[in-house]
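Enquirer:
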Amino acid sequence: MTERPTKMMLFRPAQVLTLALCTWTGVALAQTAGPWPAPPPLNVVQLSASGTVEVAQDLLTISMNTTREGSDAATVQAQLKVALDAALAEAKKAALPGQLDVRTGLFNLGPRYGRDGKISGWQGTIELVLEGRDFARISTTAGKIQTLTVGGVGFSLSREQRTRVEGEAQAQAIERFRAKATDIAKGFGFSGYTLREVSVSANDQGYVPRPRMVALEARAAVADAPVPVEAGKSSVVVTVSGAVQLK
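For the sequence shown, the working numbering begins at -3 and goes up steadily by one.
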């Protein structure tokens, strides 16, 4: 019986190296590929609920300003300083932390140009801000300041008032979110739900009188008379939104 010769496959060194690299790459890809992406969760519901609390605005801000013009920048600046110093002296007499805080605001000094493009003069503006929770003190002080006029009036919530009201609105929003999630679960035939994710946001919506109207009333007022002001209300809204897993 004649034996067949055995065939042997011979690899050149370059071929062996290529085969080894291909084998190693396949193993690496198998290790790093990981499992298939998990399917999206079922029975997940997105929903939101809001809580609203209306509260009186307790922070008053009155801005007072004046404008001066002249041919010389230094002269205009000096005139503005005189007007501001007099206003500050009057305002500081009634200043009381939290009730009437006084601070300087806008200061602007710039050139005016003629038709020929050259500087024809200078114009400057200064601002003084009165702010606090004592409306009577602030409005009376504003009425006593003679070197500035009222440029705007704004109402808002103090930090303490906002924090307190946001807590109430947030409790409402959470309770409504939970009730809505329970109703939805029952409506689809589930016994309950678990919370997957949630976010909470807050804002307030308030009425602020138009500055121009208030400024006209202030200019018409007699000397030392309080500037007429009337606060409105803010609606603090807290919204809770998120996703729940029905079960």
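Glycine is no exception: its CB is placed at the ideal position from the N, C-alpha and C atoms.
Please read all numbers here as calculations on a predicted model, not as lab measurements.
1) Under the three-state reduction of DSSP, which class applies to residue 64: helix, strand or coil?
2) Taking only runs that begin and end inside the stretch 125 to 200, name each unbroken beta strand (DSSP E) of 3 or more residues, in chain order.
3) Report buried or exposed for residue 115, applying the criterion of at least 16 other Cβ atoms within 10 angstroms of its Cβ.
4) Give the DSSP-derived three-state secondary structure of residue 226 in the structure shown.
5) Given residue 229, which residues of its chain have a CB within under 6 Å of its CB, disregarding the five upstream and five downstream residues?
6) Are residue 195 and residue 237 touching if we call contact CB-CB under 7 Å?
7) Taking only three categories from DSSP, how would you classify residue 38?
8) Between which two residues does the alpha helix (DSSP H) carrying residue 97 extend?
9) Does the beta-carbon of residue 184 have 16 or more other beta-carbons within 10 angstroms, so that it is buried, or is it exposed?
10) Let me know the secondary structure DSSP gives residue 22 once reduced to three states.
11) How about residue 108 and residue 119: are their beta carbons less than 7 Å apart?
12) Per the DSSP calculation, residue 240 is bridged to which residue(s)?
Expert: On the basis of the data shown:
1) Residue state, collapsed to three classes: strand.
2) 145 to 152
3) exposed
4) The three-state secondary structure of residue 226, taken from DSSP, is coil.
5) Scanning its chain for C-beta atoms nearer than 6 Å, with the 5 sequence neighbours on each side dropped, one finds around residue 229 the residues 50, 52, in chain order.
6) yes
7) coil
8) From DSSP, residue 97 is part of no alpha helix (DSSP H) but of the beta strand (DSSP E) over 97 to 109.
9) With fewer than 16 other Cβ atoms inside 10 Å of its own Cβ, residue 184 counts as exposed.
10) Confidence is the limiting factor: at residue 22 the pLDDT is only 49, short of 50, which leaves the residue's position unreliable and the question unanswerable from this model.
11) Remark: C-beta atoms of residue 108 and residue 119 approach each other more closely than 7 Å.
12) 41, 191
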